[in-house]
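In the numbering used here, the protein residues as written are 59 to 205.
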């Protein structure tokens, strides 16, 4: 529930800037294929038709809300206690050595994300999955759109 509110807050903060971008793009936006693990086909179709700005946002977030580092920043959480969004009985079970922004889908998990603070997840291999604060992600997203 907290994560859903968090995503809603990000979305609400970015709506004004997303609408301009989406309206200027007359073609149908293509969702990142990893969004199919989080949303049904119907939900994705509805977003494409009625809220294309949400596709722009999720496509950005899936690769840019976090980074991998040798150094933790902010509070450190243990990734092995993170559950799937759709099934709280299933815990994080991916190969931590293969996590990459081009392939990893953090949206399918219940990661804690804070508006003002970085949060790090120990991967157990000397590396950390570090989530940017929402405020940083929002700023980066907005500056990326103007380029």
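Just so you know, even glycine gets a beta-carbon here, dropped at the ideal spot from N, CA and C.
Task: Delimiting residues of the alpha helix (DSSP H) encompassing residue 194 - done: Where residue 194 is concerned, the enclosing alpha helix (DSSP H) starts and stops at 192-203.
- [ ] Report the rounded CA-to-CA distance for residue 190 versus residue 165, giving the unit in angstroms.
- [x] When rounded, the distance between both Cα atoms is 14 Å.
Task: chain B contact for residue 186 (CB, 8 Å cutoff) - done: Of the protein chains in this structure there is only one, and it is not chain B.
Open item on the list: I'd like to know whether the C-beta atoms of residue 141 and residue 148 end up nearer to each other than 8 Å.
Closed with: It is a contact, given that the beta carbons lie within the stated cut-off.
Open item on the list: Comparing C-alpha positions only, which one of 87, 116 and 197 sits nearest to residue 106?
Closed with: The candidate whose alpha carbon is nearest that of residue 106 is 87.
Open item on the list: Looking at residue 24: is its Cβ nearer than 8 Å to the Cβ of residue 182?
Closed with: Since the displayed the chain opens at 59 and closes at 205, residue 24 lies outside it and no answer follows.
Open item on the list: Taking 8 Å as the threshold (C-beta atoms), are residue 124 and residue 174 in contact?
Closed with: At a Cβ-Cβ threshold of 8 Å, residue 174 and residue 124 do not count as neighbours.
- [ ] To the nearest angstrom, report how far apart residue 196 and residue 202 are at their CA atoms.
- [x] Distance from the CA of residue 196 to the CA of residue 202, rounded to the nearest whole angstrom, comes to 10 Å.
Task: Boundaries (first-last residue) of the beta strand (DSSP E) holding residue 164 - done: Unbroken run through residue 164: none, as it is neither H nor E.
TODO: Excluding the 5 residues preceding and the 5 following residue 116 in the sequence, name in chain order all residues of the same chain whose CB lies nearer than 6 Å to its CB.
DONE: The answer, listed in chain order, is 93.
Task: Cross-strand partners of residue 98 (DSSP beta bridge) - done: None; residue 98 has no bridge partner.
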